[in-house]
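Protein chains in written order, with this note's numbering: chain A, 15 to 403; chain B, 15 to 403. Even for Gly, the Cβ is constructed at its ideal location relative to N, Cα and C. Quick caveat, the model's predicted, so the values are computed rather than measured. Presented below is the structure to which this report refers.
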C-alpha cells in the first residue's frame, strides 16, 4: 500500500459570508491549496468533496462535479466524488482520497470540504443539523441537536462532577485561540462569566457553549508519499487514520458520557500509526458543543475518563500546554461550516506541523491529530499527521 | 493493486413501497447480498452507501451509519461511507469500495444503494431530481430535468433523423425485458402506439419516455479477488472502471447529443479492462429517459453516433441480439430509485454473468457493462464485469 502526504492546504475566511456562494467558497479554498502545492491543474487526478447538506442548504446536489466545473476543470473530465457522513464528511473525504492514492489509482487528489449554511434561517439550519440524528426515533419526538448534547453534559456533570465553569473553560480557551487565527469567524476573547451569563440554548448549554452556523471551505492536496518531495520540501504525512460508526440514536448507546465511535476510531488510528496519545502535541477535536471537546479529549485518551473538564480548567489543553487542543479556535471560534470541518482541522494541523501557524504556533509540533464527529457520535474519524522525514 | 470480485448480490422489490421505510429497504438488500455471499456479518469490513437525496426525500442525512445501525452492525463499529454524485451515486460507491479493497485497507465491503422517493409528492420529487442540474443556471430559470433531456432529444432528431417511434422503441424493449424480471416496478409490456399516445411531459418526451419515481435498494458484496474463491465458486470480477465529470449545465457542453462524460468514462473502463465495446454481450445503461439510452449506446460505441435510434428499432439491443441492453427492464421498467440504480445495474450484470437471470438470461454472457449518469450528464460511471477464471 502506497503512503500518502499532504502537499498543499487552503481555506477561505469562515463566517457569515453572504456575498459568496457555495461554489465560490469551494473553488477559493481549492485553488489556494493548489497554489500552495505549486502544482498545475493538469496534475490533479480526482476531486473529493466533503459536504453534509447542500441539498437542503442551497438546493444543490451533485456538488463535487459542480465544484470541478466552476474551478475550470470540466475539460479534464476528472472523477469527482462527494462524501457524506454527517459532520464527519470532510474527514471521511480525506480518508477516501487517501485510499484512492494508496490503491495506485490516483497520484494527486484535491480534497475539499464546504458548507454554506447561512442562506437559510437559524431555525431551519438547526432542523437540517438534526437530520444527522436518527430522525424516526429522535428528531420527530422533538429532540434537538443541542438537546441531545445537553443530556450528555448533564450526565457527565452527574457522573464525574464536571462543572458549568469547566464547560465554559472550553469556550474561553477556544475563543482565545480563535483571536490568533485570521480566518476565524470569532476573533474576540470571552470570559467564563460571559459564557455563564449567556442565553440558554438547552440547559446546561448556553449560546457560548455552541459552535455557530457558518459558511466556509477548506482544501488539501494529497499526493503519494513517493512523489511528494517533487512538489514540496515540507510534506506532511498522513500516518494513520481510523473511522468508526455507532448507534445513531443516543438512547441506544452503551452510555451517554463516552463516545464509543471516538474511542475506536482513535485506537484504529494510533494502531495504524504505531503511536500513542502521549505522542500528540497538537490536536483539532470536534467541539460543536463545549461538552463535546471534554468527551473527545477523554475518549482519545489525552486525559483519564471524567477528567476532561478539570484538565481544561487547569489549562492542560491550552496553547503550548501538555497538548494544544483546537489551536485554530475549533468549531466554536474558527466556525463550523459542517462539510468543511474535517478538512479545515487538517489544514490547521498541517500548518502547525510545517511551523506556519503564526501567533498560535505550537512549539516542536511533530505529531498532530484531527477528530471529527458525525451526528451526535454515530460516526467518528481520527487522522494522525506527522512531519515528513 | 489488489483486484476485486463480486461474491454476493441482493435487491428489494422496486416500486411504490409505502409500507417500507428507507432503512428497511437498505437492510433488506444488504442482508440478501450477505446471505447470497454466504459470509458472516463479522466478515464485513466496511459499508458504502450510494444515495442521492435522503436529506430531501426523508429528511435524513448520515444514512450509511444509519443502515449499519439498523442492520444490527452498530456493535462492530464499521467505517460507513455515503457517496453522492447525482444519479451515479450507486456506481461511484462501487468504485470507492473497490479502491478501499485495492488499497489493502479492507478485504470485504458491502456496497448498498437505496432511495425512498415516493414519500414526497410527484412535483416535489421532480424538483429534488432537478437539484442535480446546475441550480443557479438551469433550475432557477425553469429548466426541468425532463425539459433538459427533451432538448437533447429534439436536437438528436434534428441532427441524425432519430424518430419518435425510435425513442418509443427503447421503452417498448425495456418494458418487454421488465416483464421477465420479478422485482421490476413495471412487469407489463407496452406498444409503440401506447408510448406515442401517452400524455406529454416535455415535448417530444411523453410519460412512457420517462423512468418512474421509485422506492428500492440493491447491494453487492465485494471481496479481494485472491480471497473470493473462499466464499463462492462463481466470483464475478470487476475488471475495469471509469468515471468522468463534465460541465453541469447542458448549455456549457461541447454539444447536446453526445455526453462527453460517458465517452470518457467508457474509454477509461475499456482501457483498464483491455477490452473493446464489441466484447460486451450484456449492458445496463442509464435510461432515465428514452433518449438517454440512445445516446448511451452511441457514446459507449456499441453503435455509430446517430445510429442509436435505428439500432434500437431494428432490435439490435434486444434480449440476445448483438448486445442485450437493459435486460433488467432498465430504469424505465425495473424502476429508478436513484441511489440504488448503479448498484441494481451491477446486480443484474452479475446475475447474467452467473447464468442466474432466468427468463431474461443472455446466452454466453461473458462480459457485462454498467453505465450510470449523474444529473444530465455532469457525471458518468462505467464498470466492466467478467466471469472469474
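Rounded to the nearest angstrom, the gap between the Cα atoms of residue 77 of chain B and residue 389 of chain A is 11 Å. Counting only the Cα atoms, residue 376 of chain A lies some 47 Å from residue 391 of chain B. Taking 8 Å as the cut-off, the Cβ atoms of residue 273 of chain B and residue 114 of chain A do not count as close. If only uninterrupted beta strand (DSSP E) runs of at least 3 residues are considered, those enclosed by the stretch 213-292 of chain B are 214-216, 229-238, 250-259.
Beta-carbon to beta-carbon, residue 125 of chain B and residue 84 of chain B are separated by about 17 Å, too far to satisfy the 8 Å threshold. Put simply, the CB of residue 375 of chain B is far from chain A, with every gap to its CB atoms at 8 Å or more.
Between residue 108 of chain A and residue 360 of chain A a beta carbon distance of about 6 Å is seen, short of the 8 Å cut, so the two are scored as contacting. Residue-level contact check: residue 92 of chain A touches chain B, since one or more beta carbons of chain B fall below 8 Å from its beta carbon.
Just so you know, the alpha carbons of residue 102 of chain B and residue 187 of chain A end up roughly 44 Å apart. By the beta-carbon neighbour count (other beta carbons within 10 angstroms, threshold 16), residue 172 of chain A is exposed.
Cβ neighbours of residue 287 of chain A within its own chain (closer than 7 Å, five residues either side excluded): 253, 254, 398. Beyond the five residues adjoining it in sequence on each side, residue 232 of chain B comes within less than 6 Å, by CB distance, of 25, 43, 127, 354, 357, 358, 361 in the same chain, given in chain order. By the Cβ criterion, the stretch 66-81 of chain B is in contact with the stretch 131-146 of chain B, since at least three pairs of Cβ atoms, one from each stretch, lie closer than 8 Å. About 6 Å separates the beta carbon of residue 310 of chain B from that of residue 276 of chain B, a gap short enough to meet the 8 Å contact definition. With fewer than 16 other CB atoms across the displayed protein chains lying within 10 angstroms of its CB, residue 49 of chain A is exposed. Assignment of residue 58 of chain B by DSSP, reduced to helix, strand and coil, places it in the coil class. Beta-bridge partners assigned by DSSP to residue 94 of chain A: A:61. Distance between residue 220 of chain B and residue 94 of chain A, taken at the CA atoms: about 32 Å. Listed in chain order, the non-local C-beta contacts of residue 192 of chain B below 7 Å within the same chain comprise 198, 200, 201, 343, 347, 348, local neighbours out to five positions each way being set aside. For residue 156 of chain A, the closest alpha carbon among the candidates A:178, A:281, A:216 is that of A:216. The three-state secondary structure of residue 137 of chain A, taken from DSSP, is helix. Residue nearest to residue 123 of chain B within the set B:58, B:183, B:184, B:141 is B:58 (criterion: CA-CA distance). In this structure, the alpha-carbon of residue 100 of chain A lies about 30 Å from that of residue 206 of chain A.
Taking all protein chains in view, the Cβ of residue 239 of chain A is crowded by 16 or more other Cβ atoms within 10 Å, so the residue is classified as buried.
Linking residue 40 of chain B to residue 31 of chain B through their CA atoms gives a straight-line distance of about 13 Å.
Here residue 129 of chain B is buried, its C-beta having at least 16 other C-beta atoms within 10 Å. Between residue 91 of chain B and residue 278 of chain A, the beta carbon gap of about 5 Å places them in contact (Cβ cut-off 8 Å). Identification of chain A residues near residue 261 of chain B by a Cβ-Cβ cut-off of 8 Å yields 83, 88, ordered along the chain.
C-alpha of residue 384 of chain A to C-alpha of residue 267 of chain B: approximately 40 Å in a straight line. For residue 385 of chain B, the enclosing beta strand (DSSP E) covers residues 381-388.
Taking 7 Å as the cut-off between beta carbons, the residues of the stretch 276-309 of chain B near chain A are 278, in sequence order. Residues of the same chain with a CB within less than 8 Å of the CB of residue 330 of chain B, apart from the 5 flanking positions on each side, are 317, 336, 337 in chain order. The Cβ-Cβ distance between residue 230 of chain B and residue 28 of chain B falls below 8 Å. When secondary structure is reduced to three states using DSSP, residue 35 of chain B falls in the coil class, being assigned neither helix nor strand.
Around the beta carbon of residue 152 of chain B, 16 or more other beta carbons lie within 10 angstroms, which makes this residue buried. By the beta-carbon neighbour count (other beta carbons within 10 angstroms, threshold 16), residue 213 of chain B is exposed.
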